[in-house]
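In the working numbering, the protein residues as written are 462 to 734.
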């Protein structure tokens, strides 16, 4: 593995700050105690998306496929964001599922491809998914949001970072000189720090009643309950502490019983590790 591959991952952390800021600024503010609602589902058929340039969804996507898809999604947002592929939609759910499919990520321990090559691909997928997230951070009208899709993509990106961290470990285990290279070690630590940043951003998003519906928050926390313990195990000590502190703060400030219970269950899962 070369240091510039790790540097690319490290630079991705800067994008996450802008990413969640865009979410906070871009989505509409709630009026009074009203909860946001899902934006209308005016999504297209699979054929219509592929005709526009979305890559075939019956195959594993690479970073190049995400780049092609992003061009289409960004054009859709310019005209009518409600035509974006939607999670669990009868019309376009299979297209959205491809955006967040776990099999798009490189496999750990795959002996048919070098670990540094898989790490580079994981880094590229992380980078190309950022515009995908931003497409769904675009608000609908009034209180309409794409909260479920944005959070699904956020969880996918956290999963991609975990894969990248595991791949960096795999590279290190196969290279006795890895630990002697300060730049490579710094890059590996940046991946671990990045996971904490991403996890913290997701927690803040889920805690925001103005932009995330209660049922979506609970479902998203169920995913994090499973993923966060594994991700935190590969974070730096400070990052793990920050994630736990953010969950604790979210619990203390939560006024909705169901969301608070889900936050508590997520923190409990971390504390069991």
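Heads up, the beta-carbon is just placed ideally off N, CA and C, and yes, glycines get one too.
Under 8 Å Cβ to Cβ from residue i, same chain only, skipping five residues before and after it: list those, please.
i           : result
residue 624 : 566, 567, 569, 583
residue 552 : 502, 504, 505, 506
To which residues of the same chain is residue i closer than 7 Å at the C-beta, ignoring the five residues directly before and after it?
i           : result
residue 720 : 675, 678, 679
residue 613 : 548, 561
residue 512 : none
residue 490 : Because residue 490 carries a pLDDT of 46, less than 50, the predicted location of this residue cannot be relied on, and the following value inherits that uncertainty. Cβ within range, chain order: 671.
Let me make sure I understand the geometry here. Which of the options has the alpha-carbon closest to that of residue i?
i           : options            : result
residue 692 : 630, 665, 622      : 622
residue 606 : 652, 512, 496, 514 : 496
residue 564 : 620, 550, 694      : 620
residue 698 : 672, 730, 650      : 650
residue 537 : 510, 611, 572, 656 : 510
residue 652 : 664, 525, 588      : 588
residue 533 : 592, 498, 554      : 592
residue 666 : 690, 627, 616      : 616
residue 689 : 660, 673, 671      : 660
residue 703 : 718, 731, 629      : 731
Buried or exposed: where does residue i fall if 16 or more other Cβ atoms within 10 Å of its Cβ makes it buried?
i           : result
residue 542 : buried
residue 609 : buried
residue 733 : exposed
residue 472 : Residue placement at residue 472 cannot be trusted, given a pLDDT of 45 that sits under 50; what the coordinates show is reported in the next sentence. It counts as exposed.
residue 574 : exposed
residue 647 : exposed
residue 525 : exposed
residue 540 : exposed
So, at 6 Å on beta carbons, what are the nonlocal neighbours of residue i in its own chain, with the 5 sequence-adjacent residues on each side left out?
i           : result
residue 627 : 569
Q | Stretch pair the stretch 700-708 + the stretch 630-638: three plus CB contacts closer than 8 Å | A | no
Q. Do the stretch 508-527 and the stretch 548-565 meet, that is, are 3 or more Cβ pairs less than 8 Å apart?
A. yes
Q | Segment contact, 8 Å Cβ cut-off, at least three pairs: the stretch 502-510 with the stretch 679-688 | A | no
Q. Okay, do the stretch 638-648 and the stretch 569-581 touch, 3+ Cβ pairs below 8 Å being the bar?
A. no
Q. What are the uninterrupted segments assigned as alpha helix (DSSP H) that are 4 or more residues long and contained completely in the stretch 545-578, given in chain order?
A. 554-560
Q) Which ranges does the beta strand (DSSP E) cover as unbroken runs of at least 3 residues, wholly within the stretch 501-536, from first to last along the chain? A) none
Q.
Which complete alpha helix (DSSP H) runs does the stretch 686-718 hold, if anything under 4 residues is left out?
A. 698-714
Q: Enumerate, from N- to C-terminal direction, the unbroken alpha helix (DSSP H) stretches of 4 or more residues contained entirely within the stretch 612-682.
A: 643-668
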